[in-house]
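First the structure, in the form of structure tokens, and then the observations on it.
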Amino acid sequence: MELTYSNQLSGFDPEKRYRNPEHFDKPEAGVTSVLVIGNWPQVVEAYEAAGIDVSVKDGARVQIVGATNQAELEKIIAGLRAEIGAIVFLADGLEAGEINRPETGKLAIRLFDAFESVQVSIGELVTERDGLLSTVDALRSEVEVLKTAALAPPANEAGEIATLKAKLDEAKVQYRANASKESLEKLVAELPEE
């Protein structure tokens, strides 16, 4: 099996197998030849030590602005790795359900500030929702009180209904227990006069 080590992001040949050299730790079994694209001496040395045919192709060169020598380039790369580490720290915390402020990394700190702002906004929304829920509960209670009041006859009407029922009871006329005032008045009107 032929294996290509490259950190390219596009332009893959579907007939070839690729590995990212940044994640290399040891030669893979079953490999017959290796193509290394770019400067990855640890990959080359490991496969050559295993007796596998290795060819190297120069990768596309990237000009890093501001780097005039190897030391500056290594400093920039170290800064980028620290930035990535801070972002990974932030992402790990978020996955665990916590939001932890990274100590370094401008981008990671900006992300933290944005997430913290979102968290505060969500907290405010939860508080507002809870307040609305208690308002809805209070309104439901008021509606129930109004329904009960609507079903019960007014106090002065209750006395009239009691008087009508007493007349019907005296005349031994049957009526529904929850009969309306109008139906009771009709029954009383139909009573024979004494």
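If you want this note's numbering, it's the position in the sequence shown, counting the first as 1, plus 34.
Even glycine gets a Cβ: it sits at the ideal position worked out from N, Cα and C.
The residue from Gly-64, Ser-155, Ile-133 with its alpha-carbon nearest to that of Phe-146 is Ile-133. Boundaries for Asp-87: no alpha helix (DSSP H) harbours it, while the beta strand (DSSP E) harbouring it runs 87 to 91, taken from the DSSP string. Residue burial is scored here from C-beta neighbours: Pro-55 has at least 16 other C-beta atoms within 10 angstroms and is therefore classed as buried. Classified as buried, Thr-38 has 16 or more neighbouring CB atoms from the shown chains inside 10 Å of its CB. For Tyr-209, the secondary structure class from DSSP, reduced to helix, strand or coil, is coil. Taking the Cβ atoms as the reference, Pro-136 lies roughly 11 Å from Phe-149, outside the contact range of under 8 Å. In this structure, Val-68 sits away from Ser-40, with a CB-CB distance that is not shorter than 9 Å. In this structure, Leu-225 is the residue among Glu-49, Gly-119, Leu-225, Gly-45 with its C-alpha nearest to the C-alpha of Asp-203.
The continuous beta strand (DSSP E) containing Ile-71 extends over residues 67 to 71. DSSP places Glu-36 inside the beta strand (DSSP E), whose first and last residues are 36 to 39.
As computed with DSSP, Tyr-52 is found in a beta bridge with Thr-38.
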